[in-house]
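What follows is a set of notes on a single structure, which appears directly below.
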Amino acid sequence: FSQAVLVDRTMYIAGQIGIEPSTGQLVSGGAKEEAKQALKNMGEILKAAGCDYGNVVKTTVLMADMKDFNDINDVYKQ
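Right, here's the structure in full:
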């Protein structure tokens, strides 16, 4: 399993979920905390490639319940 693949000058990051890498467990606290952790995981992958969030062109978010939209959107605003 590859966390990311570099093709030419474009990096494609595999789907990230709210798992704490040190424990392999989904973080507690619901969708908002899971979104925070997923973005943190993505940030570490970007950092390892010498990039940061400023290099991100597009993300896709999949939600199990649209009622979580505002909480997840608040995380993305940060």
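Offset between the sequence shown (1-based) and the numbering used here: plus 48. In this text, a Cβ means the ideal position worked out from N, Cα and C, and glycines have one as well.
DSSP, reduced to helix, strand and coil, places V123 within a helical segment of the structure shown. Non-local beta-carbon contacts of I93 in its own chain, meaning distances under 6 Å to residues more than five positions away in sequence, involve Q51, A52, I61 in chain order. Contact between the stretch 72 to 82 and the stretch 94 to 109 is absent: fewer than three C-beta pairs spanning the two stretches fall below 8 Å. The DSSP-derived three-state label of L110 is coil.
Here the alpha carbon of T108 sits roughly 25 Å from the alpha carbon of S70. Q73 is classed as exposed because its beta carbon has fewer than 16 other beta carbons within 10 Å across all chains shown. When DSSP assignments are scanned along the stretch 50 to 87, the uninterrupted stretches of beta strand (DSSP E) that are 3 or more residues long and fall wholly within it turn out to be 52 to 55, 58 to 61.
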